[in-house]
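First residue of the sequence shown? That's 0 in numbering that gives the first Met the number 0, and the numbers climb one at a time after it. What follows is a single structure, written as structure tokens, with notes after it.
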Amino acid sequence: MAILKIAQMGHPILRAVAAPVDPAEILEPGFQELLNDMVETLRDYDGAGLAAPQVREGIQVVAIEVRHNRRYPEAPTIPLTILINPQVTTLTDERVAGWEGCLSLPKLRGLVGRHRAVEVEALDRNGRPVRFCAEGFFATVVQHEVDHLRGILFVDRMDDLRTLAFLSEWERYWQTPAPTPCS
Ligand code: NI
0 MAILKIAQMG HPILRAVAAP VDPAEILEPG FQELLNDMVE TLRDYDGAGL
50 AAPQVREGIQ VVAIEVRHNR RYPEAPTIPL TILINPQVTT LTDERVAGWE
100 GCLSLPKLRG LVGRHRAVEV EALDRNGRPV RFCAEGFFAT VVQHEVDHLR
150 GILFVDRMDD LRTLAFLSEW ERYWQTPAPT PCS
């Protein structure tokens, strides 16, 4: 396994639309190794999620996991979830605002409104179809990661760029009070 280099904002692959994965390739050793490397990279960088374009692979794969996360200490636990060719359907027009960061925009936080609940259809790491509903923080992470597959970064989703802050200043001035729902 290997820790992969993460593309930073400005790298063109972060603005490209990722290609679907051929399901016949999922069980191939090289592809499984990429999945393992993505998980190791996600854990090493304390991310909540990682999309393949962030490790300079223009394909529709995301890895999500949250356990005792130093970058998001308040976040609920999310078991390791690998999504291949994910499709996201919005389940509600209701949006909630939450602070987001991104390993491709290091040391930044911004307030982003996301749909509170989504349905996800994808293939898992064994190529089996999965379908589930995600709410709250999990729904936010899913929307953030799937956006990466469309060349969209969280700053594109911000309603007010004045909430964009460096982590050091965010911890000082913005961490409280808790985020409020979007209107
Ligand atoms: Ni990101």
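Note that CB positions come from ideal geometry on N, CA and C, so glycine has one too.
Using a Cβ-Cβ cut-off of 8 Å (strictly less than) and excluding sequence neighbours within five positions of E32, which residues of its own chain qualify? Within the sequence shown, the letter at position 33 stands for residue 32. Cβ within range, chain order: M0.
Opening and closing residue of the beta strand (DSSP E) in which P11 lies: Numbered from 1 along the sequence shown, position 12 holds the residue referred to as residue 11. No beta strand (DSSP E) contains P11, which DSSP labels as neither H nor E.
Where does T139 sit, in a helix, a strand or coil, going by DSSP? Reading the sequence shown from its first residue, position 140 is the one you call residue 139. The answer is helix: DSSP assigns T139 an H, G or I state.
Do A116 and T91 have their CB atoms nearer than 7 Å? Locating residue 116 in the sequence shown gives position 117, where the first residue counts as 1. Locating residue 91 in the sequence shown gives position 92, where the first residue counts as 1. Yes, the Cβ-Cβ distance between A116 and T91 is below 7 Å.
For a test of your reading of the model: does the CB of C132 fall under 6 Å from any non-hydrogen atom of the ligand NI? Yes or no. Locating residue 132 in the sequence shown gives position 133, counting from the first residue. Not under cutoff, so the answer is no.
Closer than 7 Å by C-beta to R163: which residues in its own chain qualify, once you throw out the five before and the five after it? Chain order, please. Start at 1 with the first residue of the sequence shown, and residue 163 comes out as number 164. The sequence as given places Leu at residue 163; Arg does not occur at that position. Closer than 7 Å at Cβ, skipping near neighbours: L107, G109, V154 and M157.
With a cut-off of 8 Å on the beta carbons, I'd call L79 and V38 a contact; round off their distance for me. Residue numbering aside, residue 79 sits at position 80 when the sequence shown is read from its first letter. Residue numbering aside, residue 38 sits at position 39 when the sequence shown is read from its first letter. Sure, about 7 Å apart at Cβ, within 8 Å.
Quick one: Cα of S182 to Cα of A74, how far? Residue 182 sits at position 183 when you count from the first residue of the sequence shown. Residue 74 sits at position 75 when you count from the first residue of the sequence shown. Any reading at S182 needs caution, since the residue's pLDDT is 44, under 50, leaving its predicted position unreliable; the model's value is listed next. Taking the straight line from one Cα to the other gives about 23 Å.
Classify L102 as buried or exposed, calling it buried when 16 or more other Cβ atoms lie within 10 Å of its own Cβ. Taking the first residue of the sequence shown as position 1, residue 102 is located at position 103. Looking at its Cβ environment, which holds 16 or more other Cβ atoms inside 10 Å, L102 is buried.
Can you list, in chain order, the residues of its chain whose CB lies under 8 Å from that of L26, leaving out five sequence neighbours each side? To locate residue 26, count along the sequence shown from 1; it is residue 27. For L26, where only same-chain residues beyond five positions count, the Cβ hits under 8 Å are N125 and G126.
Between which two residues does the beta strand (DSSP E) carrying P85 extend? Sequence index remark: in the sequence shown, residue 85 carries index 86 (1-based). Unbroken beta strand (DSSP E) run through P85: I77 to T89.
Out of Q86, G112 and C132, which one is the CA nearest neighbour of A121? Position 122 of the sequence shown holds residue 121. The shortest C-alpha separation from A121 is found at Q86.
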